[in-house]
Every structure is written in C-alpha cells, then in structure tokens.
Amino acid sequence: NMGIKFSTTDGLKPNAKPKCPVNGHTPYFNDPAVQKAIHVREGGVRWAACSGAYDKTHAFTSQEEIAFDLIHKYKIGRFVVYNGDLDIMCDFISDQRFVDGVAAATRSKKLENYRKWTEDGKPDGRIGGFVQHYENGLSFVLVRNAGHMVPDNKPEAALQIFKHLFGMVKL
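Our numbering puts the sequence shown at residues 421 to 591.
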C-alpha cells in the first residue's frame, strides 16, 4: 500500500474499475495526499504538463551512467523504461536498444523472452503491450497504441506500469 486510495465504487455500481485521471494528471499529482504518498517534499514541486521553456542543450545527454548508478550504486529495486509504440518523439527501438545497453553495462541477463502484458493483469485481458525483464529489476515496456504521453493516451496501461514499478503487480 503506497498510501494512495483509488475509488472502487462509481455511483451505484459497486466494484467499478478504479478511476484513472484522463488529462487530469496535473491536478492529481498536485494533490497534497498524492505528493505525500510518493514522498515529494512539502512545497517542493508543482507538477505541470509539458509546457514552457525546454533546455535543448541537454536534450541528448546520455543517461547510461545515471542508469548504472541507480541500479548498482543506489540499489533501486526497479528501473523501468517505457514507450508508446506510436511515439514520434522518442522511438521505442532506440529506447529498447538503450535498455539492452544498460543491461550489458550492469551485467543484467534477460529473465524471459519478450512477451505481451495485459492492462488488468489477467491472462485474457486487453493487451497493454510487450515487456522484456532483465536481472537487477531492469525492464523495457512497450505500450500498445500509445504516443509520447502514455498516461494521457492509455491511462489504464500507465496505471499498470506504475503499479509494477512499485511492486504491486508484475507485468
């Protein structure tokens, strides 16, 4: 339990699916209860959608050393890279190669073959995309029919990835 409570009722319909914020991630992540649950320092961060100035001088900074440090130096439990398969900003092939490179640098072997995962975790559920797991908690996740903003395009799939990141489910 991360301290975030999702509604399991929808009006008079008991056991409805949890509501995912569609185009509502900004107010959701600015909610003090959510910020407390994900350990944001009080008054430290104000979440906003992609807008405003962007420092293009750091757009192509390699992240491999940071990934290596997170996995080996700081011993984080999971390192998940995800992409939408329709993303025209960050193509999934390059990011999958990045994850393969991080796996090689951290000596993280593949744990299983590239396989499908479902949005609800059920074997007969709607396909969310495809996943490749490696040792050391490293994963590459491809989200089917999503663009650059996966949480906006596929909120149910994004929630499943978020739950996987926090160890609540396995993709």
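Ideal placement from N, C-alpha and C gives every residue a C-beta, glycine not left out.
All values reported here derive from a predicted model rather than from experimental measurement.
Three-way DSSP call (helix, strand, coil) for residue i in this model
{"i": "residue 547", "result": "strand"}
{"i": "residue 576", "result": "helix"}
{"i": "residue 459", "result": "coil"}
{"i": "residue 498", "result": "coil"}
{"i": "residue 557", "result": "helix"}
{"i": "residue 589", "result": "coil"}
{"i": "residue 570", "result": "helix"}
{"i": "residue 565", "result": "coil"}
Residue nearest to residue i in terms of C-alpha spacing, selected from the options
{"i": "residue 585", "options": "493, 491, 499", "result": "499"}
{"i": "residue 583", "options": "451, 446, 458", "result": "458"}
{"i": "residue 563", "options": "453, 492, 572, 557", "result": "572"}
{"i": "residue 574", "options": "453, 447, 547", "result": "547"}
{"i": "residue 492", "options": "501, 526, 550, 570", "result": "526"}
{"i": "residue 556", "options": "523, 568, 482", "result": "523"}
{"i": "residue 569", "options": "510, 559, 515", "result": "510"}
{"i": "residue 528", "options": "507, 487, 502, 513", "result": "487"}
{"i": "residue 503", "options": "519, 587, 495, 497", "result": "519"}
{"i": "residue 535", "options": "553, 542, 545", "result": "553"}
Supposed close pair residue i, residue j - CB separation, criterion 8 Å
{"i": "residue 521", "j": "residue 485", "result": "Actually they are not in contact, since the Cβ atoms of residue 521 and residue 485 sit about 11 Å apart, beyond 8 Å."}
{"i": "residue 580", "j": "residue 539", "result": "6 Å"}
{"i": "residue 409", "j": "residue 566", "result": "Nothing can be reported for residue 409, as the shown portion of the chain is limited to 421 through 591."}
Run of the alpha helix (DSSP H) containing residue i, from where it starts to where it stops
{"i": "residue 491", "result": "Segment: none, residue 491 is in no alpha helix (DSSP H) and carries neither H nor E."}
To test your reading of the DSSP string, which unbroken beta strand (DSSP E) runs of 3 or more residues are found completely within the stretch 516-546? Listed in chain order, the complete beta strand (DSSP E) runs (minimum 3 residues) inside the stretch 516-546 are 535-538.
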